[in-house]
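Here the structure is laid out as structure tokens; the discussion comes afterwards.
Numbering (our numbering), first residue to last: 1357 to 1524.
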């Protein structure tokens, strides 16, 4: 079993990199990346122009842009749907890993086992760091639970991998 720092820390980082890589590859397989980028840019530019017209109180430009509003909302909805397809495909294997594999590797209470130590308290809505005494006797003032560490690692890995693979 892997349940001590730093082994669990690096294991979770590796897992989040693998999951992020799988997610990005799935997204690349099921979406037209260049078309998506182009549409996102178009929607972003439209929103910027509309906000600018509203701030300047330019009624003629605002009226002209509002005529395209339905088309832009439809494009935004399509972008959202297209981004959810790979998520639904990838979520089932991920849930199987969390439910069956991680308890075998880390332990049944894997989501609460400390995986890292934070220099500051990170008390958020669902997660909080807490004082933890490790088996070695070492005391962590702000122990980060495994699931919280996974979220932090995953968000970081996802952003970097998407940049490296030119998905954003």
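Beta carbons are placed, not taken as given, at the ideal position from N, Cα and C, and that holds for glycine.
Report task. Can you tell me which of 1450, 1455 and 1402 puts its alpha carbon nearest to the alpha carbon of residue 1420? Result -> 1402
Requested in this report: Reducing DSSP to helix, strand and coil, say where residue 1363 ends up.
Outcome: helix
**Report entry** Range of the contiguous beta strand (DSSP E) that encloses residue 1489
**Finding:** 1486–1489
Query raised in the report: Got a sec? Which residues, its chain only, sit under 7 Å from residue 1377 by beta carbon, not counting five neighbours each side?
Result: 1517
Query raised in the report: In three-state terms, what does DSSP make of residue 1496?
Result: strand
**Report entry** Range of the contiguous alpha helix (DSSP H) that encloses residue 1474
**Finding:** Unbroken run through residue 1474: none, as it is neither H nor E.
Query raised in the report: Counting pairs of beta carbons, one from the segment 1364–1384 and one from the segment 1459–1479, are three or more of them closer than 8 Å?
Result: yes
Query raised in the report: Based on Cα-Cα distance, which residue from 1521, 1411 and 1514 lies nearest to residue 1370?
Result: 1514
Report task. Please classify residue 1383: is it buried, with 16 or more other beta-carbons within 10 angstroms of its beta-carbon, or exposed? Result -> buried
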